[in-house]
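Taking it in order: structure first as structure tokens, then the write-up.
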Amino acid sequence: MKHLVAQLVNDALATLPKLARAAADLSIESTVERTRDASHGDFATNIAMRLAKPARGNPREVAASIVAALSDSADIDRVEIAGPGFINFHLSPAAFHAELQTILLRGEEYGRQAKKDRPKILLEFVSANPTGPLHVGHGRHASFGATVGNLLEAVGYPVHREYYVNDAGRQMDILGVSVWLRMLERDSIAVAFPEGGYRGDYIRDIAAAINTDGVASVSAESVRSGLPADAPEGDKEDYVDALIDRARALLGEAGFDHVRQQSLESIRDDIEEDLAEFGVTFDTWFSEQNLTKANRIDDALEVLRKRGMLYERDGATWFPSSDFGDEKDRVVIRENGNKTYFASDIAYHFDKLERGFDYLIDILGADHHGYTARVRAGLEAMGYNGDDLEVELVQFVTLYRGGKKMQMSTRSGEFDTLRQLRAEVGNDAARFYYVSRSNDQHLDFDLDVAKSQSNDNPVYYIQYAHARIASVFRQLAEKSLEWDNADGGAQLALLVEPQEKALMTSLSRYPEVIELSANNRAPQHLVHYLRDLANDFHTYYNAHAFIVDDAALRNARLYLISATRIVIANGLGILGVSAPETM
RNA sequence: GCGCCCGUAGCUCAGCUGGAUAGAGUACUCGGCUACGAACCGAGCGGUCGGGAGUUCGAAUCUCUCCGGGCGCGCCA
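As structure tokens, this is what we get:
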């Protein structure tokens, strides 16, 4: 509907060479916006004020010349110049009726744009370390990422969702050793559990379920002898490392790997199931281990080396990221020969582009903000465009229970899981609440409030509107009446009440809201829109009966609320929230 | 010290590329079911948009500066 107005303005400008020149590098569509106040019409453009200076005119005169050049349209009732030079457009009822018909015609597809071939987007999100169950912070990443993916698809982009499984490195050894110690504990071999180990109860569950074939039995003495002290007397990292060495020595590399991989798979499966139950799925689970096995890190480093982008210093290999805007250079291969996490990161992003994706979006925790510049530097040094990587940071979630802030540390085992949260507040409320705030805003999640006031949650308000509409149609059937859809579509001129006009206006905004939310990676716009739309519907519901004796009016009103049902269902679908028929 | 994010009503937050009298929810005060679902609707109360300066027709929005809060600055992952 918006570009209907933009098109008219564009056509008018085409007949005014002087203004057209001044507007050459201006997107007309971007000057057209919905009015906040109905007395200003339906749409307004500030183009006259923006052209006044380059065209050396005064805004109101520029506006007058544009208005004079506008061609007549059945969609426009009235155009006026207001304030400092706004051009206000009052659309005709017919324009809104046509939009309603489009909604009914397109149904689930309403608000979705035609599929584009490019750019192919790789959307990476959650990517929590597979060392424990997801906690409430990950829930925000999951909801935000899934919704952004849905939005991007709705505006036509091909989207590939990926979870990067950080299943390599020392943290996997710590996981393996934590499980091993719990296994020994079951065999009554008590070893002081490391401060630096994973302490959660889930480790015991994994230990209890593990397949012990090929895992050597060991004596208590052989495990305990000669271990250094753990913190606080000793160093907790030294103690964990000693335990890892001991596990390797006693179980053999294959035996330890057996424990480690089973632990990893158990946790990874749990995460996948948890997310699937939350309505969040991925196209690929990309394993860091495979990155190493396929020599992708070496491949990436080789590209850098060939381009002269590596140098040696202090026995380590460095990447001059400061040449690309990073604050300092970064090590990629340590003095001990091990590759750094940064090396695998640039290799991973290199691999994404090599797989044929045009545009990469990473959704990361706020603590990763320093990381963007380095990875971009890596991509540029390899000859790619750093701007093809977009990083969206999600601020932290602070969980409150009983008015107290909860600590969320995986290693300490004191955390609240996404599973617990979902069980307490429900998937719909959780999905909705997580994206109702801007991602760069800290989120306070008070579990007690979410539980006790769940009926006051806006998500129910919106779902209720949907269920109410479904209920109206059930009532219609009970009264042995039928909705004549075609007649309703032909009788839309009967919808003259202010609540009907307001509802039609809100409905027609939907495609614009989807586009805005997608372009800004801002699901909260959709959330607020749906809340407003539901309010328009509830107001209408309270003001007028739909099932009236006058068949023509009844058909028209049912047509309008059918359109409302479609838009609410489509919007909730993008948020990953159900649209119930009854509540 | 440097960098990123944030500061809007008592509380939790919207405010789209700068636009017209700054908006919701919640709390509080009133009013509305013999009506298709009251998990609802309507009205009221409530704001120096953290402070200051600048840019311009016009600033919550952009720039600078100060104050306050969060996070990050490893040959950790």
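Its first residue numbered 16, the first sequence is counted upward by one per residue in my numbering. Glycine included, every Cβ here is placed at the ideal spot set by N, Cα and C. Because the structure is a prediction, the values reported are computed rather than measured.
Going by C-alpha positions, A517 is about 20 Å away from A567.
In this structure, the CA atom of S240 is about 40 Å from the CA atom of D289. In this structure, the CA atom of Y525 is about 28 Å from the CA atom of V563. Taking a 10 Å sphere around the C-beta of V592, we find 16 or more other C-beta atoms and assign the residue as buried.
Residue pairing by DSSP puts N103 in a beta bridge opposite A59, E95.
Residues of the same chain with a CB within less than 8 Å of the CB of E439, apart from the 5 flanking positions on each side, are L462, A465, K466 in chain order. When DSSP states are grouped into helix, strand and coil, W498 belongs to the coil group. For T332, the enclosing beta strand (DSSP E) has its first and last residue at 331 to 334. Y374 has I136 as its beta-bridge partners, per DSSP. Within the DSSP secondary-structure output, L408 pairs in a beta bridge with L379.
Taking a contact as a CB-CB distance under 8 Å, the pair H364 and Q410 does not count as one, their CB atoms being some 23 Å apart. Taking a cut-off of 8 Å on C-beta distances, the stretch 84 to 104 does not touch the stretch 131 to 151, as fewer than three cross pairs fall below it.
Assigned with DSSP and collapsed to three states, L23 falls in helix. The C-alpha of D202 lies about 36 Å from the C-alpha of G152.
With respect to the C-alpha of W498, the residue from D344, L575, K321, M397 having the closest C-alpha is L575. In the three-state reduction of the DSSP assignment, R452 falls in the coil class, being assigned neither a helical nor a strand state. In the DSSP annotation of this structure, E512 is not part of any beta strand (DSSP E), being labelled neither H nor E. By the C-beta density criterion, S281 is buried, having at least 16 other C-beta atoms within 10 angstroms. Beta-bridge annotation (DSSP): I348 is paired with T332, K354.
When the Cα atoms are used, E596 and S486 turn out to be separated by approximately 7 Å.
DSSP, read as helix, strand or coil, puts T50 in coil.
Between T162 and I589 a beta carbon distance of about 6 Å is seen, short of the 8 Å cut, so the two are scored as contacting. By the C-beta criterion, the stretch 108 to 119 is judged not to be in contact with the stretch 375 to 383, since fewer than 3 inter-stretch pairs fall below 8 Å. In summary, N181 is buried, with 16 or more beta-carbon neighbours lying within 10 Å of its beta-carbon over all protein chains present.
Following the DSSP letters along the chain, one finds L458 inside the beta strand (DSSP E) bounded by residues 458 to 461.
Counting along the chain, the unbroken beta strand (DSSP E) around R176 starts and ends at 174 to 180.
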